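Engineer:
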Amino acid sequence: MSEIEDEVRAAMIGHEHEAPSAAQFRFRAPARRRGWVPAVAAACLVLALAIGVFVWRTHGSTPPASRSLSCPQQYQGAEHIGTLWVPSKASGVDGRHRLVPDATPQRIVVCGYLGQVEGALTGQQVLRNPAAAVHALTWLPGDSGHGTPCTFDLQPLDSSNFLIGVRYAAGTVWVSAPGSHCAFASNGQFTAAANLREPALGAYRSGTWHPRRLDGPCATGTGRLGQEAALVPPGASSLTICTEGPVAPPTPVTVHDFQALQESLAAATTSSRTGSCGATGPVTSYLLDFHYPAGPDVSLSVDPACGGLDNGSLSATATPRIESLIKQLVNRR
Amino acid sequence: MDPDDAVADLMRASGDRLFRLAYQLCHERSGAEDIVQEALTRVYASWRRRSPDIGSTEAYARRAIVNEHLRRRRLRASTEIVTDHLPHSGVRRDVGDEVTEQDAMWRGLGELPARQRAVLVLRYYVDLPDHEIAELVGCREATVRSLAFRALEALRAGALTRELP
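Going down the list, the protein sequences come from chains A and B. Residue 52 in our numbering sits at position 52 of the first sequence, with consecutive numbering throughout. Residue 394 in our numbering sits at position 61 of the second sequence, with consecutive numbering throughout.
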């Protein structure tokens, strides 16, 4: 076998541990028709109607969407742009620590309330790739509460809204994705530092959640859950350093031994990110892309011209030791 | 045997193997889950038409995974740019650099066209002979050899580029 074939095999074997585990997977069996099914279904329907009438008479109107994963006919509070509303809080699953649980979904529906000031349902789509959608949503970092810079112009989707209903074996969670370009997505308990109107519109139109594809090793993604609490959440397995500046090497450097840098970053005093910096100059800056065995990367910009470190959620001052450690890693190649 | 039990048996006996194959093909965890879900749906739907031994079921699931991967890549082909250039990464020196080389090779594999990558995965990861790969991918054995040759050439070119000072 040639050397290149050995390298191909080694690369494949070296990454096989990143594959999902069968133990965590739950197969969603397709619906089957049997002879007795129509009779049972009819009986269930009659029973459900009877229960529905009883509940409606005793408790007034109860939104059915939270249980059945069918889209509510009306998006509540749609007259106010950027309103965060969900039919119900997460039930049967945890909605406090992530936008949606990191588990195999059974079904995802995207409800659209397009261009309707009244908030009437304009359509819905059941996604064909629910796992990809959950993977994109579950890792979104939390909102640090300081908002994000936002222009006060009216954009085409601003008066639209989306709801994303995710059903798991254990329960259901609804995510509100306002069409406003200034609003973040929320499940009612956890608000993610992300505006989901574009992917939600894409999923609503196509029935497929399109994962954001990053161009190059140091492209900045949507971030990673936990980066709102730590510059670099624990568990990173490798680090790619991209350098920009007058003496930058032409290629990114990937390292696996960066504990000293990680410790220094953990010791840095952080504050919530308040905005972007457009300063430029003849100063070398870096983008540190921390990779994890599962889930997205954390991208940390190290820009002395802008005063320091920024992971998209938190910022901190770049100490001389941090800059020195980065230079050592870059020059070790 | 009920199809629910058949799928459960298949997952117990071969689940991790099937997930690893799907991941090698698509390089995305969530994509691998969706591909395996589709493949198992086909196993489930066709269960009563086929022989009930777990070996043939795994082979059927493997074929379904390869087909589903190629089908998805066809659907996405219009939105992606395929390149045969690998990122540079410097000269190999130590164990860390070897891991970096592996990462570069992995990225290179990820940038291959779907059929080329499928052929390499089935040949070097699953260790199938070319005639079985041809059957799985749906082409002639000569085409498998041609696809593998072109894929290895692209990867070799990338590796040579990386070794330049």
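Where a beta carbon is used, it is the ideal one built from N, C-alpha and C, also for glycine. Keep in mind that this is a model prediction, so the values were computed, not measured.
To the nearest angstrom, report how far apart A492 (chain B) and M438 (chain B) are at their CA atoms.
Structural biologist: The alpha-carbon atoms of A492 (chain B) and M438 (chain B) are separated by roughly 8 Å.
Engineer: Nearest chain A C-beta to E454 (chain B) closer than 8 Å, yes or no?
Structural biologist: Rather than Glu, the amino acid found at residue 454 (chain B) in this sequence is Val. With 8 Å as the cut-off, V454 (chain B) counts as an interface residue toward chain A.
Engineer: By the criterion of Cβ-Cβ separation under 7 Å, what are the contact partners of Q435 (chain B) in chain D?
Structural biologist: Among the protein chains in the structure shown, which are A and B, there is no chain D.
Engineer: Could you give the DSSP three-state label for H402 (chain B): helix, strand or coil?
Structural biologist: Here H402 (chain B) sits in helix by DSSP.
Engineer: Please work out which residues of its chain come closer than 8 Å, Cβ to Cβ, to L239 (chain A), disregarding the five sequence neighbours upstream and downstream, and give them in chain order.
Structural biologist: The answer, listed in chain order, is T254, V255, H256, F258, L261, L288, D289, F290, H291 and L329.
Engineer: So that I know if they touch, is there some Cβ in chain B lying closer than 8 Å to that of A90 (chain A)?
Structural biologist: So no, A90 (chain A) is outside the interface.
Engineer: For a contact defined as C-beta to C-beta under 8 Å, what are the partners of R362 (chain B) on chain A?
Structural biologist: Chain A residues near R362 (chain B): E18, A19, P20, H135 and A294.
Engineer: Output the residue ranges of the alpha helix (DSSP H) runs that lie fully inside the segment 440–488 of chain B and measure 4 residues or longer, sorted by chain position.
Structural biologist: Whole alpha helix (DSSP H) segments, 4+ residues: 447–453 and 463–470.
Engineer: Would you say R489 (chain B) lies against chain A (beta-carbon separation less than 8 Å)?
Structural biologist: For R489 (chain B), the answer is yes, since a Cβ of chain A falls inside 8 Å of its Cβ.
Engineer: Where do the N-terminal and C-terminal ends of the beta strand (DSSP E) with H291 (chain A) fall, by residue?
Structural biologist: Start and end: S285 to H291.
Engineer: For a quick check, are the C-beta atoms of L453 (chain B) and L469 (chain B) less than 8 Å apart?
Structural biologist: Result no, Cβ atoms of L453 (chain B) and L469 (chain B) do not sit closer than 8 Å.
Engineer: How about F482 (chain B): is its C-beta nearer than 8 Å to some C-beta of chain A?
Structural biologist: For F482 (chain B), the answer is no, since every Cβ of chain A falls outside 8 Å of its Cβ.
Engineer: Quick check: is the beta carbon of G348 (chain B) nearer than 8 Å to any beta carbon in chain A?
Structural biologist: Answer yes: the Cβ-Cβ gap between G348 (chain B) and chain A drops below 8 Å somewhere.
Engineer: The beta strand (DSSP E) that contains V253 (chain A), what's its start and end?
Structural biologist: Start and end: V253 to V255.
Engineer: Against chain B, does N331 (chain A) count as a neighbour if the rule is that its beta carbon must be under 8 Å from one of theirs?
Structural biologist: No, no contact with chain B.
Engineer: Quick check on P75 (chain A): does DSSP put it in helix, strand or coil?
Structural biologist: According to the sequence as given, residue 75 (chain A) is Tyr; it is not Pro. In this structure, Y75 (chain A) counts as coil in the three-state DSSP scheme.
Engineer: What is the rounded straight-line gap between the Cα of N161 (chain A) and the Cα of R473 (chain B)?
Structural biologist: If you take the alpha carbons of N161 (chain A) and R473 (chain B), they lie about 50 Å apart.
Engineer: Closer than 7 Å by C-beta to R406 (chain B): which residues in its own chain qualify, once you throw out the five before and the five after it? Chain order, please.
Structural biologist: The residues are A447.
Engineer: For a contact meaning CB atoms closer than 7 Å, what does T220 (chain A) contact in chain B?
Structural biologist: The contacting residues do not exist; T220 (chain A) stays about 17 Å from chain B at best.
Engineer: At a CB-CB cut-off below 9 Å, which residues of chain A make contact with W439 (chain B)?
Structural biologist: Result: A11, M12, G14 and H15.
Engineer: Classify G112 (chain A) as buried or exposed, calling it buried when 16 or more other Cβ atoms lie within 10 Å of its own Cβ.
Structural biologist: When all chains shown are included, G112 (chain A) counts as buried.
Engineer: Please identify the residue among A:T317, A:V134 and A:L201 whose C-alpha is closest to the C-alpha of L265 (chain A).
Structural biologist: The shortest C-alpha separation from L265 (chain A) is found at A:T317.
Engineer: Quick check: is the beta carbon of T83 (chain A) nearer than 8 Å to any beta carbon in chain B?
Structural biologist: So, not an interface residue.
Engineer: Do E401 (chain B) and A365 (chain B) count as a contact pair if the criterion is CB distance below 8 Å?
Structural biologist: No, the pair does not count as a contact, with Cβ atoms beyond the cut-off.
Engineer: Buried or exposed: which applies to E3 (chain A), given that a residue is buried once 16 or more other Cβ atoms fall within 10 Å of its Cβ?
Structural biologist: Looking at its Cβ environment, which holds fewer than 16 other Cβ atoms inside 10 Å, E3 (chain A) is exposed.
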